[in-house]
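So the protein sequences, as listed, match chains A and B. The end of the first sequence is residue 327 by this note's numbering, with every number in the run present. The end of the second sequence is residue 654 by this note's numbering, with every number in the run present. Below: one structure, written as structure tokens.
There are 2 protein chains.
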Amino acid sequence: MELSRLGEFGLIEKIRSSFSGASSEIIKGIGDDAAALKTSRSKITLVTTDMLLEGVHFNLSFTTFYQLGYKSLAVNISDIFAMGGRPKYFLIGLGIPKGCDSKNIDDFYSGINSLAEKWKINIIGGDTCASRNGFIISGTLIGEAEKIITRSGAKPGDWVFATNTLGDSAMGLRLLEKTGNKKSKAKSSHFPFPISYLKLINKHLMPDIAPLKNISGINSMIDISDGLLIDLSHICDESKVGARIYEDKVPLSQELKEAAKNLRLNPLSFALQGGEDYALLFTAPKGFKTNAFRIGEIIPKGSFIVDTNGKEKPFKAAGYEHFKSKF
Amino acid sequence: MELSRLGEFGLIEKIRSSFSGASSEIIKGIGDDAAALKTSRSKITLVTTDMLLEGVHFNLSFTTFYQLGYKSLAVNISDIFAMGGRPKYFLIGLGIPKGCDSKNIDDFYSGINSLAEKWKINIIGGDTCASRNGFIISGTLIGEAEKIITRSGAKPGDWVFATNTLGDSAMGLRLLEKTGNKKSKAKSSHFPFPISYLKLINKHLMPDIAPLKNISGINSMIDISDGLLIDLSHICDESKVGARIYEDKVPLSQELKEAAKNLRLNPLSFALQGGEDYALLFTAPKGFKTNAFRIGEIIPKGSFIVDTNGKEKPFKAAGYEHFKSKF
Chain A
1 MELSRLGEFG LIEKIRSSFS GASSEIIKGI GDDAAALKTS RSKITLVTTD
51 MLLEGVHFNL SFTTFYQLGY KSLAVNISDI FAMGGRPKYF LIGLGIPKGC
101 DSKNIDDFYS GINSLAEKWK INIIGGDTCA SRNGFIISGT LIGEAEKIIT
151 RSGAKPGDWV FATNTLGDSA MGLRLLEKTG NKKSKAKSSH FPFPISYLKL
201 INKHLMPDIA PLKNISGINS MIDISDGLLI DLSHICDESK VGARIYEDKV
251 PLSQELKEAA KNLRLNPLSF ALQGGEDYAL LFTAPKGFKT NAFRIGEIIP
301 KGSFIVDTNG KEKPFKAAGY EHFKSKF
Chain B
328 MELSRLGEFG LIEKIRSSFS GASSEIIKGI GDDAAALKTS RSKITLVTTD
378 MLLEGVHFNL SFTTFYQLGY KSLAVNISDI FAMGGRPKYF LIGLGIPKGC
428 DSKNIDDFYS GINSLAEKWK INIIGGDTCA SRNGFIISGT LIGEAEKIIT
478 RSGAKPGDWV FATNTLGDSA MGLRLLEKTG NKKSKAKSSH FPFPISYLKL
528 INKHLMPDIA PLKNISGINS MIDISDGLLI DLSHICDESK VGARIYEDKV
578 PLSQELKEAA KNLRLNPLSF ALQGGEDYAL LFTAPKGFKT NAFRIGEIIP
628 KGSFIVDTNG KEKPFKAAGY EHFKSKF
């Protein structure tokens, strides 16, 4: 069977079932943002790995090497934050095409460094090799925690929260593609374009990530990398529950609304299905106090969106189309 | 400056100096087979990562997916063994080209599993994504040790040992390339070829790896992935010493000698410069008892090979030509 027919979930299930046996140290293996290992009495070690490929995950015609370095660490930090952990050690594998200027590699490492310094992460190793086809980046981040929050702890009655506005990154990507693609230029180019567009673009190229300051009381968490609906469905699947989301509660930035209006697009579809927000999505018991945006609640089963007229409709998880499955 | 002019050592130095700051937990960061972290009072956590690219590190016209899975774990295990550690947890990132049959992925994971079961390694996570250009494999292996052996502990007077015959893998690759390359077929094809060729080919496709049973008393260690001379020079550089190797002591298999004779090639150049042996190269004080092959000694400075006539000549580290630097 061709792999694309198996789909993302099929693939993860295949991988999960391929690997039998487990050590008593493993708290979480395949199937969360990061693996969790009980390495000492008081500490849990977290490990996550992420691959970024030129032409699939990034486009060098509108990404600088500095931004690429930054993002390759950011996406991994986001996974550690999603477990309630602190990032500590980074290993970076890099496939470099022939003829690459060493200045690009300097810039790439500077981008990594900027974020590593901010979060006090040490780069402890890696692997660099020649690539025949484009840049290949593979990051592995090790973190630690005393206590972890997984995808599987959501309970009916929990409130659902998002830590940041959603859809900005996906709109930023759309704007970049429109700018970078000469074919679509004629019809829709706006120059000078609104300065707010740059904010959206920046959210795509250099996502701003932050941990939850206090994880006590939280039942489940994931980072929004594939899109709100897909990532919420991961929580629902792993927790064996359902969810209800309110359209008018989904946080949209002014910049997203403005760009969507200009482009005659629905900002909500970016917020629901756009990926790479790297906001945290979490659930906590009713009444939980937080600065995050409350967007819905956990229910025993089913997945529903309530529109602005109060009408409830079921939703199917949908997001990024390219198949990518973190496990 | 174009990166290829900077060279492997230049690149590693660049990366080392790019990343400032260090945590007190880091025993070894960039510059050894694996990073070593003091994660608890009695235990050291080891981490290594390795990238394998289609068309650069492997050729699917003569490697099965099972073999590829096996090897992607083997090369990482070898790094953990080279630190004197035990492999424990594996994360596997995989870029899969469009149209790939899911049977191939099954085979790939079976290959990983075969070795994971042998060494009691748990697969705890990974990342799978679409690739536009060939298969991309990125493995990260976590191990543990109570005590580690680094590249930097060699002392003048130490004896130099290798745990296995050298050059077999490089000759295996040569045979595969000769078989797979139609242009070179006419002149040198032997069919049916000697059964011993299969042993060499197998050593390339599925390297047999093993730890040193007892690491006490050993001063330095590395795995031979780039070739004996290059990897020995890593030990010399990190330990700030020199080395003398005796040509007639370098262990050559009967299979290598036979193939080299048939192909009118010098078997020693495969043993000295061929990569991917995944034997361990270590140094220990004079008189050290071991089953490994003693091939030379550590001297205060300089690098020399003594030929079969007792004549000493300096050597420059040379091995795999494609640039790949593990750090």
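Idealized CB from N, CA, C, for every residue including glycine.
List, in chain order, every chain A residue whose beta-carbon is nearer than 9 Å to that of residue i.
| i | result |
| --- | --- |
| B:Thr467 | Val47, Thr49, Leu91, Gly93, Ser138 and Thr140 |
Taking 8 Å as the CB-CB cut-off, is residue i touching chain A?
| i | result |
| --- | --- |
| B:Ile353 | yes |
| B:Gly637 | no |
| B:Asn491 | no |
| B:Arg413 | no |
| B:Ala497 | no |
| B:Arg459 | yes |
| B:Asp634 | no |
8 Å is my cut-off, CB to CB: does residue i come that close to chain B?
| i | result |
| --- | --- |
| A:Lys316 | no |
| A:Ile23 | In the sequence as displayed, the identity of residue 23 of chain A is Ser instead of Ile. Closer than 8 Å to some Cβ of chain B, the Cβ of A:Ser23 qualifies, so yes. |
| A:Ile124 | yes |
| A:Ala74 | no |
| A:Lys185 | Any reading at A:Lys185 must be qualified, since the residue scores a pLDDT of 48, below 50, and its modelled position is unreliable; no value is offered. |
| A:Phe304 | no |
Under DSSP, the alpha helix (DSSP H) around residue i begins and ends at which residues?
| i | result |
| --- | --- |
| A:Ile395 | Nothing can be reported for residue 395 of chain A: it is not among the residues displayed for chain A, which extend from 1 to 327. |
| A:Ser78 | Phe65 to Ala82 |
| B:Ile522 | Ile522 to Leu532 |
| A:Tyr109 | Ser102 to Lys118 |
| A:Asn59 | Note, A:Asn59: premise wrong, no alpha helix (DSSP H); not H, not E. |
| B:Ala598 | Pro594 to Gln600 |
Is any heavy atom in the ligand MN found nearer than 7 Å to the beta carbon of residue i?
| i | result |
| --- | --- |
| B:Asp564 | As for the ligand MN, it is missing from this structure, which has no ligand bound. |
How is the beta strand (DSSP E) around residue i delimited, first residue to last?
| i | result |
| --- | --- |
| B:Ile572 | Gly569 to Tyr573 |
| A:Lys313 | Glu312 to Pro314 |
| A:Ala260 | Segment Gln254 to Leu263 is the alpha helix (DSSP H) holding A:Ala260; no beta strand (DSSP E) there. |
| A:Arg86 | Arg86 to Pro97 |
| B:Lys355 | Ile353 to Lys355 |
| A:Phe293 | Phe293 to Ile299 |
| B:Val374 | Ile371 to Leu380 |
Quick one: measure Cβ to Cβ for residue i and residue j, integer angstroms, because I've assumed they're closer than 8 Å.
| i | j | result |
| --- | --- | --- |
| B:Gly452 | A:Thr150 | About 13 Å separates the two Cβ atoms, so there is no contact after all. |
| A:Phe270 | A:Leu256 | 6 Å |
| B:Lys398 | B:Met533 | 6 Å |
| B:Glu291 | B:Leu373 | Chain B is shown only over 328 to 654; residue 291 of chain B falls outside these bounds and no answer can be derived. |
| B:Ser552 | B:Glu603 | 6 Å |
| B:Asp485 | B:Glu624 | 7 Å |
| A:Ile305 | A:Ile235 | The pair is not a contact, with the Cβ atoms about 16 Å apart (cut-off 8 Å). |
| B:Lys530 | B:Ser496 | 5 Å |
| B:Tyr605 | B:Ser405 | 4 Å |
| B:Gly480 | B:Ser560 | Between B:Ser560 and B:Gly480 the Cβ distance is about 16 Å, and since that is not below 8 Å, they are no contact. |
Taking C-beta pairs closer than 7 Å, name the residues in chain B that residue i reaches, listed in chain order.
| i | result |
| --- | --- |
| A:Ser40 | Thr366 and Ser367 |
What does residue i reach in chain A if we use C-beta pairs closer than 8 Å?
| i | result |
| --- | --- |
| B:Gly356 | Asn122, Ile123, Ile124 and Gly125 |
| B:Ala362 | Tyr89, Leu91, Ile124 and Gly125 |
Exercise for review: Inspect the CB distances between the stretch 284-297 of chain A and the stretch 236-254 of chain A and report whether three or more fall short of 8 Å.
Suggested key: Contact between the stretch 284-297 of chain A and the stretch 236-254 of chain A is present, because at least three Cβ pairs lie under 8 Å.
Exercise for review: Please determine if the stretch 349-360 of chain B and the stretch 466-477 of chain B are in contact, where contact requires at least 3 C-beta pairs separated by less than 8 Å.
Suggested key: Look at the beta carbons and you see the stretch 349-360 of chain B touching the stretch 466-477 of chain B: at least three pairs across the two are nearer than 8 Å.
Check your understanding: On the three-pair Cβ rule with 8 Å, is the stretch 31-42 of chain A touching the stretch 104-116 of chain A?
Key -> Cβ pair count under 8 Å is below three, so no.
Review point. When the Cβ atoms of the stretch 376-386 of chain B are set against those of the stretch 87-99 of chain A, are three or more pairs found closer than 8 Å?
Key: Yes, since at least three Cβ pairs between the stretch 376-386 of chain B and the stretch 87-99 of chain A fall closer than 8 Å, the two stretches touch.
Check your understanding: Given 8 Å as the limit, is there contact between the stretch 462-470 of chain B and the stretch 410-419 of chain B, that is, 3 or more CB pairs closer than that?
Key -> With a cut-off of 8 Å, the stretch 410-419 of chain B and the stretch 462-470 of chain B count as touching, because enough Cβ pairs lie within range.
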